[in-house]
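Colleague: Have a look at this one.
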Amino acid sequence: MKRPFLSVLLAVLLSSTSGVTAADERPRLALVIDDLGWNLRAGERVLALPGAITVAVLPGTPVGSELARRAHTHGIEIMLHQPMAAETGVAPGTGYLQPRMAPAELTHRLRTNLEEIPYHRGVSNHMGSLATRCENTMAVVMSELAERGLYFLDSRTTHRSVAYSSARDALIPAIRRDVFIDNILDTQAIERALEAAVSLAEERGHAVAIGHPHAVTLAVLETKLPEIMDRVELVPVSALVAEPTLTATRKQSERSATAAMPIRDTVAP
Ligand SMILES: [Zn+2]
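Residues in the sequence shown are numbered consecutively from 2, following my numbering.
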């Protein structure tokens with residue numbers, strides 16, 4: 002029974018620092034839909050989902066910049082979904098980052114992609130099981146994000162990712178993905194993964210889930226999100242990365258709570 006203790010601890014921390022009331026302690030879930038940019042119709046369906054979701058948009062895609070503009074008009078938070086090299090050698094996509102590249106090339110590619118996807122508040126990695134293991138590559142990325150005041154979401158496509166610690170070293174707001182909801186493209190499996198994300202948020206106070214614009218994923222979300230919002234508050238990623246109290250409490254429970262969560266490189270549909 003960790004939750005009552007954590008709630009009390011959080012209440013003490015919050016009341017001593019900001020005077021936030023008990024009503025603000027509702028568990029919070031950030032739901033990110035990745036890999037947007039290939040299909041306008043699927044993208045529009047994502048933008049029509051209920052609640053405050055966040056979208057991660059791929060550069061070099063036919064409708065990525067257009068979807069970012071439409072998301073902005075809907076008041077939906079936008080991230081650049083930065084392609085990064087994977088261990089498998091699969092091509093990660095336009096403007097990808099690769100550890101062999103010189104720092105100037107890495108920075109140039111990142112800047113070009115950031116310019117392409119408007120209204121971004123942060124960056125997440127697309128694939129990247131190779132690149133996110135490289136401290137030098139991540140340091141170049143985080144340095145650029147620090148200058149621009151952007152946050153980083155580590156999609157955690159490898160257990161060996163150093164992206165999150167690199168972001169913290171660069172003093173930029175950062176958080177890690179807890180659950181991929183659609184590793185298995187099956188209605189029941191997606192419902193179970195979504196439930197795992199909600200339960201984690203209820204236990205720990207917050208969680209980050211990532212899904213993709215597959216028809217089966219969107220069908221589950223259209224049905225389940227209204228029910229889920231009775232239990233957790235859906236918030237944009239920026240709301241979670243901004244809170245130092247969450248950063249402090251996260252360290253205690255994160256390893257045990259998420260060690261069993263599956264890891265993978267996500268691929269474009
Ligand atoms: Zn991706």
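Each residue gets a CB set at the ideal place from its N, CA and C atoms; glycine is no exception.
Rounded to whole angstroms, what's the CA-CA distance from Ser239 to Ala53? Just pull it up for me.
Modeller: So the two alpha carbons sit approximately 11 Å from each other.
Colleague: Which residue wins for smallest C-alpha separation from Ala31, given the options Pro51, Gly38 and Trp39?
Modeller: The shortest Cα separation from Ala31 among Pro51, Gly38 and Trp39 belongs to Pro51.
Colleague: Between which residues of its own chain and Pro84 is the CB-CB distance below 6 Å, once the five residues before and five after are set aside?
Modeller: Here the set comprises Pro93, Gly94, Tyr97 and His127.
Colleague: Within its chain, find whatever has a CB closer than 8 Å to the CB of Glu203; leave out the 5 residues flanking it on each side and keep chain order.
Modeller: So the list reads Arg4, Pro28, Arg232 and Val233, once near-sequence residues are dropped.
Colleague: Would you say His82 touches ligand 1, meaning its beta carbon is less than 8 Å from a heavy atom?
Modeller: Flag set: Cβ of His82 near ligand 1.
Colleague: Tell me whether Leu59 is buried or exposed, calling it buried when 16 or more other Cβ atoms sit within 10 Å of its Cβ.
Modeller: With 16 or more Cβ atoms within 10 Å of its Cβ, Leu59 is classed as buried.
Colleague: Since Arg178 and Ile211 are thought to touch, with beta carbons under 8 Å apart, how far apart are those beta carbons, to the nearest angstrom?
Modeller: About 5 Å separates the two Cβ atoms, so the contact holds.
Colleague: For the putative contact between Ser144 and Ala171, defined by C-beta atoms under 8 Å, what is the C-beta separation to the nearest angstrom?
Modeller: Indeed they touch by this definition, with Cβ atoms about 6 Å apart.
Colleague: Closer than 8 Å by C-beta to Leu247: which residues in its own chain qualify, once you throw out the five before and the five after it? Chain order, please.
Modeller: Low per-residue confidence applies at Leu247: pLDDT is 45, beneath 50, and the placement is therefore not dependable enough to give any value.
Colleague: Counting only runs of 4+ residues fully inside the segment 131-213, write out the alpha helix (DSSP H) ranges in chain order.
Modeller: Listed in chain order, the complete alpha helix (DSSP H) runs (minimum 4 residues) inside the segment 131-213 are 136-149, 164-170 and 188-205.
Colleague: How about Tyr165 and Gly123: do their beta carbons lie closer than 9 Å?
Modeller: Against a cut-off of 9 Å, the Cβ pair of Gly123 and Tyr165 comes out as no contact.
Colleague: List the endpoints of the continuous beta strand (DSSP E) containing Ala123.
Modeller: It should be noted that the sequence gives Gly, not Ala, for residue 123. Element bounds for Gly123: His121 to Met128.
Colleague: Is Leu59 near ligand 1 - that is, is its Cβ less than 8 Å away from at least one heavy atom of it?
Modeller: Leu59: yes, Cβ under 8 Å from ligand 1.
Colleague: List the residues that DSSP assigns as beta-bridge partners of Thr224.
Modeller: Paired residue(s): none; Thr224 is not in a bridge.
Colleague: Ordered along the chain, which non-local residues of its own chain (more than five positions away) have a Cβ less than 6 Å from that of Gly129?
Modeller: Counting only Cβ-Cβ distances below 6 Å, and skipping sequence neighbours, we find Met85 and Thr158.
Colleague: Between which two residues does the alpha helix (DSSP H) carrying Leu41 extend?
Modeller: Start and end: Leu41 to Leu48.
Colleague: Out of Ala243, His121 and Val142, which one is the CA nearest neighbour of His109?
Modeller: It is Val142 whose Cα lies nearest to the Cα of His109.
Colleague: Considering only residues of the same chain and omitting the five flanking positions on each side of Gly61, which have a CB-CB separation below 7 Å?
Modeller: Same-chain partners within the cutoff: Gly94, Thr95 and Gly96.
Colleague: Rounded to a whole number of angstroms, what is the C-alpha to C-alpha distance between Arg42 and Arg112?
Modeller: Taking the straight line joining both Cα atoms gives about 28 Å.
Colleague: Within the present structure, is the beta-carbon of Ser239 separated from the nearest heavy atom of ligand 1 by less than 8 Å?
Modeller: Not so, every heavy atom of ligand 1 lies at least 8 Å from the Cβ.
Colleague: Quick one: Cα of Leu131 to Cα of Asp35, how far?
Modeller: Cα to Cα, Leu131 sits roughly 19 Å from Asp35.
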